[in-house]
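Numbering (our numbering), first residue to last: 120 to 290.
Heads up: the structure comes next, in structure tokens.
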């Protein structure tokens, strides 16, 4: 798939078929995340990959909006350092956003659907994943092959019009 096709095909997929994701494809998605730029090249992330059905069901309990994690073929948990510094927390959040979209576009390029979710119950996630002190689970990226239809470029977007969103040289 071309980059533009992957971008225009990516959508939140929360219902997956039961096809497993090949290890090489998972590694490619993870490598895309690893290569993502970050503020001052700090790379404030670690990735925990879960494919065990029971573990995925437990992770889905970490937020009421994460039910799709239980049905995913794999879920990547984005882990970041705990910080009391609001500036670093902002950098980390931005960097995790970059990692998320990079991984989701890489997944779309492989025909793999994705959907993100916040981790609300950090203690539960930490317990399930055995995270070390000073680290917390921030977001999930659930992955799987779409149950409804394959990924393909979306022509009828439910988005604000281009000319309403784009401002050139000022508002």
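Backbone N, C-alpha and C fix where the C-beta goes; we use that ideal spot for every residue, glycine too.
Every value quoted in this text rests on a predicted model; they were computed, and no experiment measured them.
Inside the region 207-250, DSSP marks whole beta strand (DSSP E) runs of 3 or more residues at positions 232-237, from first to last along the chain. Taking the C-beta atoms as reference points, residue 273 is found no nearer than 8 Å to residue 222. Only residues of its own chain outside the window of five on either side were considered, and among them 175, 178, 179, 194, 236, 259 and 261 have a CB closer than 7 Å to the CB of residue 188, listed in chain order. A distance of 8 Å or more separates the beta carbons of residue 197 and residue 168. Per DSSP, reduced to three states, the secondary structure at residue 145 is helical. Residue state for residue 288 is assigned as coil, using DSSP reduced to three classes. In the structure shown, residue 252 falls within a coil segment according to DSSP collapsed to helix, strand and coil. Minimum Cα-Cα distance from residue 135 among the listed residues 205, 280, 232 and 257 corresponds to 232. Measuring C-alpha to C-alpha distances from residue 171 to each of 191, 209 and 158 identifies 191 as the nearest.
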